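Here the sequence shown stands for residues 6 to 271, where the numbers follow my numbering. Each residue gets a CB set at the ideal place from its N, CA and C atoms; glycine is no exception. In this text the structure is predicted, and so the values were computed from the model without any measurement.
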Amino acid sequence: MTPNKTLIFALLALSACSKHSREDEPQQMVYQNFQQSLFEPYIAQGSIFTREVKNMPLATNSAAIAAYMPKMPAEYLPERFKKTVLTTLSTTSYNIPIYVVDSNNPSQEYANFESKDNRVIYKKDLVQYTTGRIPLPKYAQPAGGGDKSFAVYDRATGMMREYFHVVKDEKGTWHFSASGYFKAKPNFKDLGKDNFAMQHTTGGSAVVCMLNPLSQIGIEEARKGEIKHALSFTIANAGKGFSYPAKQGDGPQQTLMLRWKDNGSV
Numbered sequence: 006m007t008p009n010k011t012l013i014f015a016l017l018a019l020s021a022c023s024k025h026s027r028e029d030e031p032q033q034m035v036y037q038n039f040q041q042s043l044f045e046p047y048i049a050q051g052s053i054f055t056r057e058v059k060n061m062p063l064a065t066n067s068a069a070i071a072a073y074m075p076k077m078p079a080e081y082l083p084e085r086f087k088k089t090v091l092t093t094l095s096t097t098s099y100n101i102p103i104y105v106v107d108s109n110n111p112s113q114e115y116a117n118f119e120s121k122d123n124r125v126i127y128k129k130d131l132v133q134y135t136t137g138r139i140p141l142p143k144y145a146q147p148a149g150g151g152d153k154s155f156a157v158y159d160r161a162t163g164m165m166r167e168y169f170h171v172v173k174d175e176k177g178t179w180h181f182s183a184s185g186y187f188k189a190k191p192n193f194k195d196l197g198k199d200n201f202a203m204q205h206t207t208g209g210s211a212v213v214c215m216l217n218p219l220s221q222i223g224i225e226e227a228r229k230g231e232i233k234h235a236l237s238f239t240i241a242n243a244g245k246g247f248s249y250p251a252k253q254g255d256g257p258q259q260t261l262m263l264r265w266k267d268n269g270s271v
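Put into structure tokens, the structure is as follows:
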């Protein structure tokens, strides 16, 4: 995964289009108009994303970390990256699109997904649930920037799929480098209760292996001027280690970090 983590601030256009369900996914709800936002009401209510800050444990050096984070790009990144890789909420094209689909809708459009990446092919459940024929509108596009991510949430089955570095070929097949999933109840009912930590069951579209798209800002929230859940943000550089609810990290040990001069000399 790219160390660029998840680049997040977004006004999400939650799109929808649909066809009959995949053979391995039972039809569990009657088709309905599902243009309803994922953020109003918020489907992850009751999860760690809505836990009150005052009840969260703080690191002993929390204040020092908070003060240092805005300075990281200037200290660690080459000049050419300093304007694009920031410790910030993303207000550009790096948000993660969420495509809301309904596999019970006979008009649902589908696409084929393939991967040759070891992060996918050696995990049977990732192959089963994130490759093959997946409900997805034809107009779907991944996020801008290098990550090329998007999420596909199926209201009919509750299957929440997320993809990293998805590229569509001339035949319309999507090829991806990594994926993660969580199987919620239909219409994502009780999501916060069933998956308090907001983690993927297997894999991940971001290094933390969580349902990060739900820590973006929805259109309805922006209109109301009220956000009642945690937000993800970019960390331009980070050392080794991670903390709950993240499942992993990708930062190097401090002793392994170094910077090259432009002329190649160390």
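If you check the CB distance, Ser237 and Tyr168 do not come in under 8 Å. Annotation: Ser220 is outside any beta strand (DSSP E) and is labelled neither H nor E by DSSP.
In the DSSP assignment, Asn123 falls within the unbroken alpha helix (DSSP H) covering 123-126. Under the three-pair Cβ rule at 8 Å, the stretch 78-93 does not count as touching the stretch 210-230. For the pair of segments examined, the stretch 245-252 was found not to touch the stretch 118-133: the number of CB pairs separated by less than 8 Å stays below three.
The Cβ-Cβ distance between Met74 and Ile240 falls below 8 Å.
Judged by DSSP in its simplified three-state form, Thr207 adopts strand. Here Gly208 is buried. Its C-beta has 16 or more other C-beta atoms within 10 Å.
Rounded to the nearest whole angstrom, the CA to CA distance from Glu84 to Ser108 is 47 Å. In this chain, the beta strand (DSSP E) harbouring Lys188 covers 183-188. For Gly137, the enclosing beta strand (DSSP E) stretches over residues 137-140. Taking C-beta separations shorter than 8 Å and ignoring five residues to either side along the sequence, the partners of Ala148 in its chain run Leu12, Ser98, Tyr99, Asn100, Ile101, Pro102, Ser154, Phe155, following chain order. Per DSSP, the unbroken beta strand (DSSP E) holding Met164 starts and ends at 164-169.
Asp159: member of the beta strand (DSSP E) spanning 155-159, first to last residue.
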